[in-house]
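Protein sequence lines correspond, in order, to chains A and B.
Quick note on numbering: the first sequence equals residues 1 to 315 in the UniProt record's numbering.
Quick note on numbering: the second sequence equals residues 1 to 315 in the UniProt record's numbering.
All C-beta atoms in this analysis are idealised placements derived from N, C-alpha and C, irrespective of residue type, glycine included.
Contents: one structure, followed by commentary.
There are 2 protein chains.
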Amino acid sequence: MSLVVIGSVAFDALETPFGKTDKIIGGAATYISLSASYSLKPVKLVAVVGDDFPQSDILLLEEHGVDVEGLQVKPGEKSFFWSGIYSKDLNSRETLVTELNVLADFDPILPDSYQDCKYLMLGNLAPQVQRLVIQRLVNRPKLIVMDTMNFWMDIALDDLIATIEMVDVLSINDEEARQLSGEYSLVKAARKILDMGPKYLIIKKGEHGALLFHAQKQKLKIFYAPALPLEEVFDPTGAGDTFAGGFIGHLAATDDISFDNMKRAVIHGSAMASFCVEKFGTERLLNLKPEEIEAREKQFADLVEVVPATAVQNV
Amino acid sequence: MSLVVIGSVAFDALETPFGKTDKIIGGAATYISLSASYSLKPVKLVAVVGDDFPQSDILLLEEHGVDVEGLQVKPGEKSFFWSGIYSKDLNSRETLVTELNVLADFDPILPDSYQDCKYLMLGNLAPQVQRLVIQRLVNRPKLIVMDTMNFWMDIALDDLIATIEMVDVLSINDEEARQLSGEYSLVKAARKILDMGPKYLIIKKGEHGALLFHAQKQKLKIFYAPALPLEEVFDPTGAGDTFAGGFIGHLAATDDISFDNMKRAVIHGSAMASFCVEKFGTERLLNLKPEEIEAREKQFADLVEVVPATAVQNV
Chain A
1 MSLVVIGSVA
11 FDALETPFGK
21 TDKIIGGAAT
31 YISLSASYSL
41 KPVKLVAVVG
51 DDFPQSDILL
61 LEEHGVDVEG
71 LQVKPGEKSF
81 FWSGIYSKDL
91 NSRETLVTEL
101 NVLADFDPIL
111 PDSYQDCKYL
121 MLGNLAPQVQ
131 RLVIQRLVNR
141 PKLIVMDTMN
151 FWMDIALDDL
161 IATIEMVDVL
171 SINDEEARQL
181 SGEYSLVKAA
191 RKILDMGPKY
201 LIIKKGEHGA
211 LLFHAQKQKL
221 KIFYAPALPL
231 EEVFDPTGAG
241 DTFAGGFIGH
251 LAATDDISFD
261 NMKRAVIHGS
271 AMASFCVEKF
281 GTERLLNLKP
291 EEIEAREKQF
301 ADLVEVVPAT
311 AVQNV
Chain B
1 MSLVVIGSVA
11 FDALETPFGK
21 TDKIIGGAAT
31 YISLSASYSL
41 KPVKLVAVVG
51 DDFPQSDILL
61 LEEHGVDVEG
71 LQVKPGEKSF
81 FWSGIYSKDL
91 NSRETLVTEL
101 NVLADFDPIL
111 PDSYQDCKYL
121 MLGNLAPQVQ
131 RLVIQRLVNR
141 PKLIVMDTMN
151 FWMDIALDDL
161 IATIEMVDVL
171 SINDEEARQL
181 SGEYSLVKAA
191 RKILDMGPKY
201 LIIKKGEHGA
211 LLFHAQKQKL
221 KIFYAPALPL
231 EEVFDPTGAG
241 DTFAGGFIGH
251 LAATDDISFD
261 NMKRAVIHGS
271 AMASFCVEKF
281 GTERLLNLKP
291 EEIEAREKQF
301 ADLVEVVPAT
311 AVQNV
């Protein structure tokens with residue numbers, strides 16, 4: 001099932017209470033693609049970098065089953081660069097540097113071989129660029145998942161709403177859901193956002209897990225996937241993108257977009273995200289073994305498991 | 001299975017974004033007792049009020065199966081009074097008035113008929129008073145659950161630690177767990193707090209649910225009970241106490257303190273708390289029907305239910 005991912009491929013320089021990095025590979029589409037690659041290959045990437053982007057990092061993506069035909073390399077230009085420093089509790093971060101560079105006038109060109117796209121993941125980017133990708137696909141994908149952030153709510157709300165209207169699943173965090181809807185209650189926020197067009201809404205709550213909402217004839221179905229309580233969070237960068245990549249990767253690999261399978265996709269995405277935060281940047285996503293992922297998913301299942309008292313009596 | 005509850009019985013005056021109340025019945029032991037009464041009766045109450053406390057409120061407790069033999073009424077004195085105002089999002093509150101009154105020199109006297117206590121719930125109170133109750137019971141109860149708050153960490157830490165050492169289950173919120181342990185990671189916090197004596201730790205996370213921890217030969221068992229996402233939270237006062245009452249009420253009624261049953265007790269407590277916040281004060285706890293509680297518990301189960309993909313294939 002062909003999966004196309006669009007988003008930033010970039011340099012990050014990170015500082016957490018545990019250390020700091022020089023420029024390392026980052027960007028929404030990088031995390032999404034690496035995460036999804038554990039579910040299916042190839043992951044067809046649409047992104048842009050400058051010629052400062054090392055060939056070795058492009059090779060790294062290819063080695064993980066990422067199709068880079070749609071990765072534009074702009075001669076004489078520089079890659080998107082973001083630098084940030086996290087608070088002691090890792091719950092907030094301050095942006096030190098944002099250099100848009102090649103991203104400033106990114107024109108997402110889709111190779112012909114991407115036109116078989118059945119699953120489309122719109123990683124965080126300017127909403128008009130996300131929309132352009134939908135418009136350039138000859139056939140509407142079976143499922144479009146969109147991630148975005150508060151930044152676009154602040155500066156491009158109309159564009160954002162026009163794009164949200166076109167997607168099936170929107171993935172945002174709790175603060176963003178509140179900002180977008182103007183409602184504090186996440187249930188009320190979900191109703192309003194689902195009225196904007198998407199059939200499904202994922203609200204990411206970081207260490208508190210994720211909620212999946214789906215409105216069916218005015219009745220709201222809710223699934224709550226708690227996050228695994230972790231001994232140590234090393235670097236939260238990319239956790240949300242890794243979640244999204246795991247989510248759509250699972251759906252594309254199983255080609256099943258039922259609500260039941262979306263729940264499993266949320267659990268798989270949460271498990272992938274729980275790996276991501278264990279090391280700096282993408283490091284932990286580069287060498288995961290299938291049995292590690294399976295064991296982690298089992299931990300998520302165990303975390304909420306309740307044996308009904310009656311089940312014991314009925315044995 | 002005899003259940004004894006100690007804590008404050010008091011007046012509250014509340015203001016939330018949805019309205020305000022005059023002095024209404026409140027206090028940790030009130031919420032705990034009412035909540036537990038849906039699991040078993042009688043609930044043997046140890047508390048103190050002044051003679052300003054209306055007979056009708058005492059009758060109300062009795063009508064709900066609360067044994068008030070251990071409720072001292074101090075002539076010429078005034079009941080504990082707390083007044084507070086909640087922030088718009090209900091996530092924080094400001095204390096306007098705290099009048100200790102009869103609580104200032106509360107001597108918790110246990111009637112002889114309370115000496116059969118098998119389950120003891122220490123609601124939030126000065127830790128030296130909580131400890132006194134344990135010491136005054138001739139036989140150590142089968143299970144002691146303790147609730148407390150950051151206030152005692154600030155002003156009576158040594159007393160608090162000495163009391164925590166004597167209990168089986170400690171129930172606190174996430175901020176309090178972090179303050180008590182000095183650890184930001186709740187997993188690390190749980191390890192440290194379980195080293196202080198309790199066999200079980202409940203960390204309440206409000207709208208994000210509750211965690212139950214149990215250390216077994218250095219291995220940490222974790223259960224995550226998400227909170228039900230609610231359309232409307234009307235008044236969060238007493239939610240933590242209602243949770244605790246439901247928790248110990250379920251354990252006492254089933255007389256089963258296995259980890260599996262504690263999980264069910266956490267779900268039951270969470271369900272009771274989700275009712276509590278729907279109206280002002282204790283109002284919603286006064287007329288709950290068993291089938292309402294059962295339906296709510298079912299909603300909690302549905303919220304996290306994932307059907308494994310293999311289960312479908314095996315049918």
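Is residue i near residue j, with beta carbons less than 8 Å apart?
i, j, result
"B:F80", "B:L103", "yes"
"A:I202", "A:V167", "no"
"A:D12", "A:V43", "no"
"A:L160", "A:P127", "yes"
"A:A239", "A:D147", "no"
"A:L194", "A:K263", "no"
"B:E183", "B:N150", "no"
"A:A190", "A:H208", "no"
"A:I110", "A:V133", "Per the sequence presented here, residue 110 of chain A reads as Leu, with Ile not at that position. Yes, they are a contact pair."
"B:H268", "B:E297", "yes"
"B:V35", "B:T237", "With the sequence shown as reference, residue 35 of chain B is identified as Ser, and Val is not the correct amino acid for it. Their beta carbons are not under 8 Å apart, which means B:S35 does not touch B:T237 by this criterion."
"B:A273", "B:L3", "no"
"A:I222", "B:P229", "yes"
"B:K188", "A:E231", "yes"
"B:V73", "B:V9", "no"
"A:S87", "A:L96", "no"
"A:S270", "A:A225", "yes"
"A:R131", "A:A162", "yes"
"B:T282", "B:T98", "no"
"A:V138", "A:P108", "no"
"A:F234", "A:F53", "no"
"B:L71", "B:I85", "no"
"B:L125", "B:M153", "no"
Would you mind working out which of the options sits nearest residue i, comparing C-alpha positions?
i, options, result
"B:S171", "B:D154, B:A244 and B:D158", "B:A244"
"A:S37", "A:H250, A:A225 and A:F280", "A:H250"
"A:K279", "A:A10, A:S8, A:T16 and A:V9", "A:T16"
"A:Q115", "A:V266, A:R136 and A:L288", "A:R136"
"B:L143", "B:S83, B:S33, B:L45 and B:K199", "B:K199"
"B:D256", "B:D235, B:I58 and B:K118", "B:K118"
"residue 342 of chain A", "A:K78, A:A47, A:Y86 and A:I24", "Absent from the structure is residue 342 of chain A, since the part of chain A shown begins at 1 and ends at 315."
"B:A210", "B:N173, B:D107, B:L14 and B:G26", "B:N173"
"A:E77", "A:F106, A:E62, A:E94 and A:V307", "A:F106"
"B:N261", "A:V307, A:Q216, A:D22 and A:R284", "A:V307"
Identify, in the order they occur along the chain, each residue of the same chain with its Cβ nearer than 6 Å to the Cβ of residue i, setting aside the five sequence neighbours on each side.
i, result
"A:V145", "M121, V169 and I248"
"B:P75", "D51"
"B:L157", "none"
"A:T310", "none"
Go through its chain and collect everything with a Cβ distance to residue i's Cβ below 7 Å, but skip five positions before and after it.
i, result
"B:H64", "L34 and S37"
"B:L288", "Y38 and F275"
"A:E165", "M196 and G197"
"B:F259", "H214 and K221"
"B:K41", "G65"
"B:Q299", "L228"
"B:S113", "E69"
"A:I32", "V5, G7, M121, G123, D241, A244 and G245"
"A:Q313", "With a pLDDT of only 47 at A:Q313, under 50, the local geometry of the prediction cannot be trusted, and the value read off the model is given with reservation. There are no such residues."
"A:V315", "Bear in mind that the predicted position of A:V315 carries a pLDDT of just 39, short of 50, making it too unreliable to give a figure here."
"B:A265", "F247, H250 and L251"
"B:T21", "A13, L14, F280 and G281"
Can you find the residues in the same chain that come closer than 8 Å, C-beta to C-beta, to residue i, ignoring five residues on each side of it along the sequence?
i, result
"B:R178", "Y184, L186 and A189"
"A:E291", "none"
"B:K217", "none"
(request) Output, in sequence order along the chain, the residues in the segment 215–239 of chain B whose CB is closer than 8 Å to any CB in chain A. (result) Going along the segment 215–239 of chain B in chain order, one finds I222, F223, Y224, A225, P226, P229, L230, E231, E232 and V233 with a Cβ nearer than 8 Å to chain A.
(message) Taking beta-carbon pairs under 9 Å, can you tell me which members of the segment 167–188 of chain A lie near chain B?
(response) Cβ contacts with chain B: R178, Y184, S185, L186, V187 and K188.
(request) Starting from the N-terminal side, write out each stretch of the alpha helix (DSSP H) that is 4 residues or longer and does not extend beyond the segment 244–288 of chain B. (result) List check, alpha helix (DSSP H) in window: 259–276.
(request) Enumerate, from N- to C-terminal direction, the unbroken alpha helix (DSSP H) stretches of 4 or more residues contained entirely within the segment 92–153 of chain B. (result) DSSP runs (the alpha helix (DSSP H)) wholly in the segment 92–153 of chain B: 127–136.
(request) Note down, one range per segment and in chain order, each alpha helix (DSSP H) of at least 4 residues found wholly within the segment 166–250 of chain B. (result) Those alpha helix (DSSP H) runs which fall completely within the segment 166–250 of chain B and span 4+ residues are 174–181 and 186–195.
(message) Give the list of continuous beta strand (DSSP E) stretches no shorter than 3 residues that lie fully inside the segment 19–61 of chain B.
(response) Counting only unbroken stretches of 3 or more residues, the beta strand (DSSP E) elements lying wholly within the segment 19–61 of chain B are 24–26 and 43–50, in sequence order.
(request) Return the residues of the segment 258–282 of chain B that lie within a Cβ-Cβ distance of less than 9 Å from chain A, sorted by chain order. (result) Within the segment 258–282 of chain B, the residues whose Cβ lies closer than 9 Å to some Cβ of chain A are D260, N261, K263, R264, V266 and I267, listed in chain order.
(message) Short of 9 Å Cβ to Cβ, which residues in the segment 58–72 of chain B face chain A?
(response) Within the segment 58–72 of chain B, no residue has a Cβ that lies closer than 9 Å to any Cβ of chain A.
(request) Taking only beta carbons into account, state which residues of the segment 285–303 of chain B come closer than 8 Å to chain A, listed in chain order. (result) Those residues of the segment 285–303 of chain B that come within reach of chain A (Cβ to Cβ, closer than 8 Å) are A301 and L303.
(message) For the segment 78–89 of chain B, list every residue whose C-beta sits within 8 Å of some C-beta in chain A, in sequence order.
(response) Cβ contacts with chain A come from K88 and D89.
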